[in-house]
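Each remark here refers to the structure printed beneath this line.
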Amino acid sequence: MEKLVLAAVGFVFIAACSPTAPPAEAPTRQELEVSGRVEPPPVHSLLGHRFALNLTSEQIGRLDSIGQWIHTENAPLQAEMQLRQSRAGGPVPRNAQALTVVQQLIENNRQAMRSVQDVLMPEQQAQVCTLFRGTETRPRRTPARRAQTRGQGVDPLAMDPNRPVWDWCAVEDAS
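So for the sequence shown, our numbering puts the first residue at 267; every next one is plus one.
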């Protein structure tokens with residue numbers, strides 16, 4: 267009986283010490299593409315360019331509302347992702363629950379992008395692309411980027427330096 271108990275305890279100990287997941291693989295191109303969409307669009311920074319963009323008071327109000335909405339919608343999701351990352355001690359684990367959160371962040375950001383695009387006139391959209399051109403080459407201050415500066419490593423999925431800030435600028439640049 268005593269040997270059976272010791273064997274059971276030994277198996278539990280071995281199972282507890284075993285790695286639960288295989289080492290993370292290098293991110294695929296598609297994962298890098300998707301991960302860049304987790305960052306919310308910088309809606310409020312457009313308001314800082316209100317004079318250059320010649321925004322009307324109605325546009326300013328609508329953009330401010332979009333900025334507030336995206337912040338309110340994404341804040342709890344981003345907090346959940348940061349909690350998952352801190353529990354994992356590194357990059358956010360790639361599991362179904364985390365994927366659901368990421369997909370919701372991406373959908374919220376797409377909706378905000380479409381809303382901003384609907385508010386701006388075509389000339390203003392082109393001006394936004396000009397104002398923000400070059401800013402996409404700087405790594406954004408994502409939680410992973412902040413962690414890197416603290417010496418905790420970096421999640422390569424957290425940054426996509428080749429993605430334009432605004433989706434419609436990528437279409438414009440391709441033409």
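Ideal Cβ positions, reconstructed from N, Cα and C, are used throughout, including at glycine.
- Message: What would DSSP say about V309, mapped onto helix, strand or coil?
- Response: helix
* Asked: If you pair each beta-carbon of the region 316 to 329 with each one of the region 362 to 369, do three or more pairs fall below 8 Å?
  -> no
Exercise. Going by other Cβ atoms of all chains shown within 10 Å of its Cβ, with 16 needed for buried, is C435 buried or exposed?
Worked result: buried
field: At least three beta-carbon pairs within less than 8 Å, the region 330 to 346 to the region 367 to 378
entry: yes
For V382 versus P307, is the C-beta spacing smaller than 8 Å? yes
Sort R380, R350, Q393 and L397 by Cα distance to L329 and report the nearest one. R380
L349: buried (16+ other C-beta within 10 angstroms of its C-beta) or exposed?
exposed
Quick one: is N320 buried, meaning 16 or more other Cβ sit within 10 Å of its Cβ, or exposed? exposed
| said: One question on the structure: do E346 and V368 come within less than 8 Å of each other, judged by their Cβ atoms? | reply: no
Query - Cα-Cα separation, A392 to Q334 - result: 24 Å
To the nearest angstrom, how far is the alpha carbon of V309 from that of P430? 14 Å
Start and end residues, alpha helix (DSSP H) containing P430:
It is not in any alpha helix (DSSP H) - P430 carries neither H nor E in the DSSP assignment.
Exercise for the section: Measure the C-alpha to C-alpha separation of V385 and Q325 and round it to an integer number of angstroms. Expected result: 6 Å
Checklist line | Coarse secondary structure for L386, derived from DSSP in three states | finding: coil
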